[in-house]
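*Asks:* Residue numbers are given in the numbering used here: position 38 of the sequence shown equals residue 245, and the series is strictly consecutive.
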Amino acid sequence: MRQLDEGLAGGGDAVSNLILPIGDIANNYDPNPMIVRHGRGPEGKTCRTCVHAVATSPTGNKTYWKCDRRGMSRSTATDHRLKWNACRLYEAAP
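1. On a CA-only basis, which of 243, 238 and 236 is nearest residue 296? Give me that one, please.
2. Taking 8 Å as the cut-off, decide whether the C-beta atoms of residue 290 and residue 247 are in contact.
3. From the DSSP output, read off the bridge partner residues of residue 255.
4. Who are the near neighbours of residue 258 in its chain, counting only those whose CB is closer than 8 Å to its CB and skipping five residues on each side?
5. Given a cut-off of 8 Å on the beta-carbon distance, is the pair residue 270 and residue 278 in contact?
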């Protein structure tokens, strides 16, 4: 344990290799799981204008948005936000 403490106190090289600046993480993060799977789509486009965005209303009281390329289910886990950046599968709605 003493060697570990001395290594950290002597400049922190072991720790500095593990820490990323918050800006790097924030700049690369995107909440759209389709971007993680397929990559980014056209710059400035969102899911709102994509033909694959589908409105569902299982109970008739509230509308839930899904992406038909992501998979349809009755779970909130597949709910899709229209404000998300578009993925590579983006197709403009007519």
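By construction, the Cβ of each residue, glycine as well, lies at the ideal position given by its N, Cα and C atoms.
*Replies:* Put simply:
1. The sequence position of residue 296 within the sequence shown is 89, counting from 1. Proximity to residue 296 across 243, 238 and 236 peaks at 243, based on C-alpha coordinates.
2. The sequence position of residue 290 within the sequence shown is 83, counting from 1. The sequence position of residue 247 within the sequence shown is 40, counting from 1. Not closer than 8 Å, so no.
3. Here residue 255 is taken as the residue at index 48 of the sequence shown, counted from 1. DSSP output for residue 255 lists no bridge partner at all.
4. Locating residue 258 in the sequence shown gives position 51, where the first residue counts as 1. So the qualifying residues of the chain are 298, 299, 300 and 301.
5. The residue you call residue 270 lines up with position 63 of the sequence shown. The residue you call residue 278 lines up with position 71 of the sequence shown. Going by C-beta atoms, residue 270 is not nearer than 8 Å to residue 278.
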